[in-house]
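Asker: Here it is, the structure in full.
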Amino acid sequence: MMSSRPLIKDVSPAYFGVWLDRLFEGYEMAARKIGRSAYSVTGYVATEKAAKIQRTESALEQDFLILLEYDWRVLRYATQPFKIQWSDERGRLRRFTPDVAVAYNDLATRSDPSLRTTIFEVKPRAQLKARWAEEKPRLKAASAWAKDYGCRFKVMTEREIRTPYLENVRFLLRYQKMYGDRELYDARIPHICELLVRLGPTTPRALLEAVRGDAIHRAEYIPYLWHLVTQQIVGIDLGQPLNMKSPIWPTSQAQAIAGGSL
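Just so it is clear: in the sequence shown, position 1 is 9 by our numbering, and no numbers are missing.
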């Protein structure tokens with residue numbers, strides 16, 4: 009058993025919420041900087057969900073951040089956020105830096121009261137298995153720390169991250185924001201919703217075929233359709249491979265938008 013409870017140096021559980029907000033806002037330094045490595049694929053993600061560019065130390069971690077970017081529930085996140093320290097059964101000081109801290113928005117936490125700030129460790133399954141004797145006490149300490157500090161702690165591997173959902177999200181992220189002619193946007197969004205409500209459950213291909221005009225004109229609607237998917241206005245199962253034959257359906261939001269345009 010550990011002889012002391014895991015903690016963040018100079019940050020009490022009572023102060024942790026305030027301190028974490030400061031970290032997300034860029035007023036506190038991350039625990040560890042990630043530089044170039046000859047042994048792993050390091051990189052960075054520019055995001056509006058963090059005050060600074062977030063650096064990653066593996067391709068798997070980069071993939072995980074893609075999921076966070078798309079997740080509407082995620083308000084802010086930070087990589088390599090802090091060091092957890094504790095004394096082991098021999099009294100030796102041990103330290104562990106988790107990979108990502110994530111805070112969720114108010115709408116998400118109201119919808120799911122069990123959802124709260126979550127600390128993630130991202131590791132390949134093979135690495136966890138090969139280094140289990142070393143990883144087990146660190147993960148155990150992180151789990152105990154999370155309980156004391158009012159957080160959740162989760163381990164994410166390629167089994168949870170690299171799924172058809174990730175590939176769909178990677179594709180859809182380019183449509184999450186639309187730029188260009190605002191009048192065109194304001195005309196096409198309700199038009200798509202109106203068509204979808206009239207058709208009911210359908211497919212992207214069938215919906216586009218219902219747009220009047222030639223093939224070039226109909227193709228111009230494709231980015232707007234995928235944008236509506238990213239906004240949860242057009243329903244779709246992102247757990248299945250995404251294509252023009254994927255089932256889609258109008259959500260209550262689509263019905264409300266269509267109702268205003270009819």
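Ideal placement from N, C-alpha and C gives every residue a C-beta, glycine not left out. All of these numbers come straight from a predicted model, not from anything done at the bench.
Which runs of the beta strand (DSSP E) spanning at least 3 residues fall entirely within the region 220-268, listed in chain order?
Answerer: Qualifying beta strand (DSSP E) stretches, in chain order: 242-244, 256-258.
Asker: By the three-class DSSP mapping on this structure, what secondary structure does residue 150 have?
Answerer: Helix.
Asker: State the Cα-Cα distance for the pair residue 260 and residue 210, rounded to the nearest angstrom.
Answerer: Distance between the alpha carbons of residue 260 and residue 210 is about 16 angstroms.
Asker: Assess contact between the region 81-93 and the region 109-118, defined as three or more Cβ pairs (one per stretch) separated by less than 8 angstroms. Is contact present?
Answerer: Taking 8 angstroms as the limit for Cβ pairs, the verdict is that the region 109-118 does touch the region 81-93.
Asker: Would the beta-carbon of residue 89 fall within 9 angstroms of that of residue 38?
Answerer: Going by C-beta atoms, residue 89 is nearer than 9 angstroms to residue 38.
Asker: For residue 242, count the other beta carbons within 10 Å of its own beta carbon; 16 or more makes it buried, fewer makes it exposed. Which is it?
Answerer: Classification for residue 242: buried.
Asker: Can you pull the DSSP bridge partners for residue 108?
Answerer: Per DSSP, 87, 128.
Asker: Please list, in chain order, all residues of the same chain as residue 14 whose beta carbon is under 6 angstroms from its beta carbon, the five residues on each side excluded.
Answerer: Excluding positions up to five away in sequence, the list reads 92, 94, 149, 152, 153.
Asker: Can you find at least 3 beta carbon pairs, one from the region 58-66 and one from the region 26-36, that sit closer than 8 angstroms?
Answerer: These segments touch.
Asker: Smallest Cα separation from residue 165: which of 215, 72, 103, 212?
Answerer: Nearest option by C-alpha distance: 72.
Asker: For residue 31, which of helix, strand or coil comes out of DSSP?
Answerer: Note: residue 31 maps to helix in three-state DSSP.
Asker: I need the DSSP call for residue 23, collapsed to helix, strand or coil.
Answerer: Helix, per DSSP.
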